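**Student:**
Residue numbers (full-length UniProt numbering): 1 to 193.
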């Protein structure tokens with residue numbers, strides 16, 4: 001039986017190692033191709049210990065099988081402020097729906113909606129007017145792209161999100177097979193809450 005729950009505050013801290021391991025596993029796949037390590041993940045995930053942050057976790061028994069993170073956009077201002085510099089929406093009115101990770105064998109069961117519902121509810125509870133997330137941009141002819149890959153654009157559009165023209169951030173991570181980190185473009189999507 002799969003159960004889901006939104007976690008905040010100390011409850012987030014209690015699951016950070018589970019979340020880190022899950023992110024390393026899921027993000028190795030296309031389109032992220034992330035070659036992560038536990039120490040980097042622990043440092044990165046500390047952002048979700050902030051007031052206003054949420055982790056919507058999915059469990060199968062005692063095992064975390066999926067999770068989605070979210071936080072006030074200003075918690076990520078250093079990373080994303082430049083991308084939003086020309087936008088009319090103030091950062092303190094945006095709730096950032098960060099990563100969603102779900103083990104492949106649990107996909108197609110509606111958990112993506114649960115993840116967005118939980119994060120959007122947190123954004124509304126904080127009085128935010130907008131919800132935004134970003135997706136990695138990879139070339140269509142990338143050699144690691146699976147032949148059967150289906151982008152999630154249709155799912156996101158059905159939830160009311162649309163890409164923001166020109167609102168692209170860059171973030172560094174090490175791809176599988178790389179010896180150093182490289183910058184990746186990330187397209188922002190947004191909707192009104």
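All C-beta atoms, glycine included, are put in the ideal place defined by N, C-alpha and C. All values reported here derive from a predicted model rather than from experimental measurement.
Helix or strand or just coil, what does DSSP make of residue 7?
**Tutor:** Translated into the one-based positions of the chain shown, residue 7 becomes position 7. The answer is strand: DSSP assigns residue 7 an E or B state.
**Student:** List the endpoints of the continuous beta strand (DSSP E) containing residue 149.
**Tutor:** Translated into positions along the chain shown, residue 149 becomes position 149. Note, residue 149: premise wrong, no beta strand (DSSP E); not H, not E.
**Student:** Can you name the start and end residues of the alpha helix (DSSP H) that residue 42 belongs to?
**Tutor:** For the purposes of this step, residue 42 is identified with residue 42 of the chain shown, where counting begins at 1. Start and end: 38-45.
**Student:** Output the boundary residues of the beta strand (DSSP E) element that contains residue 66.
**Tutor:** In the chain shown, the residue the question calls residue 66 occupies position 66. 63-72 is the extent of the beta strand (DSSP E) around residue 66.
**Student:** Inspect the beta-carbon positions of residue 66 and residue 57 and report whether they are closer than 9 Å.
**Tutor:** By 1-based counting over the chain shown, the position of residue 66 is 66. By 1-based counting over the chain shown, the position of residue 57 is 57. Result yes, Cβ atoms of residue 66 and residue 57 sit closer than 9 Å.
**Student:** Could you please give the first and the last residue of the uninterrupted beta strand (DSSP E) stretch that includes residue 172?
**Tutor:** Working through the chain shown from its first residue, we reach residue 172 at position 172. It spans 162-173 - the beta strand (DSSP E) in which residue 172 sits, taken as one unbroken run.
**Student:** Name the residue from 193, 176, 189 and 184 whose alpha carbon lies nearest to the alpha carbon of residue 35.
**Tutor:** For this step, residue 35 is matched to residue 35 along the chain shown. Here the closest residue by C-alpha is 176.
**Student:** Between the C-alpha atoms of residue 195 and residue 100, what's the straight-line distance to the nearest angstrom?
**Tutor:** No statement about residue 195 is possible, as the shown extent of the chain runs from 1 to 193 and does not include it.
**Student:** Pairing CB atoms from the segment 138-147 with CB atoms from the segment 19-34, are three or more of them under 8 Å?
**Tutor:** yes
**Student:** What does the alpha-carbon distance come out to for the pair residue 107 and residue 26?
**Tutor:** For the purposes of this step, residue 107 is taken as the residue at position 107 of the chain shown. For the purposes of this step, residue 26 is taken as the residue at position 26 of the chain shown. For residue 107 and residue 26, the distance between alpha carbons rounds to 12 Å.
**Student:** If the criterion is Cβ atoms closer than 9 Å, does the pair residue 123 and residue 115 meet it?
**Tutor:** Against the chain shown, residue 123 aligns to sequence position 123. Against the chain shown, residue 115 aligns to sequence position 115. Cβ atoms of residue 123 and residue 115: not closer than 9 Å.
**Student:** Opposite residue 189 in the DSSP bridges: which residues?
**Tutor:** On the chain shown, position 189 is the one that residue 189 refers to. Under the DSSP definition of a beta bridge, residue 189 partners with 133 and 163.
**Student:** Does the Cβ of residue 107 lie closer than 8 Å to at least one heavy atom of the ligand MG?
**Tutor:** Only the bare structure without any ligand can be found here, which leaves the ligand MG out of the picture.
**Student:** Please name the residue in 24, 48 and 47 whose C-alpha comes closest to that of residue 38.
**Tutor:** Reading the chain shown from its first residue, position 38 is the one you call residue 38. The shortest C-alpha separation from residue 38 is found at 24.
**Student:** Using a Cβ-Cβ cut-off of 9 Å, state whether residue 115 counts as contacting chain B.
**Tutor:** No chain B is part of this structure, which consists of one protein chain only.
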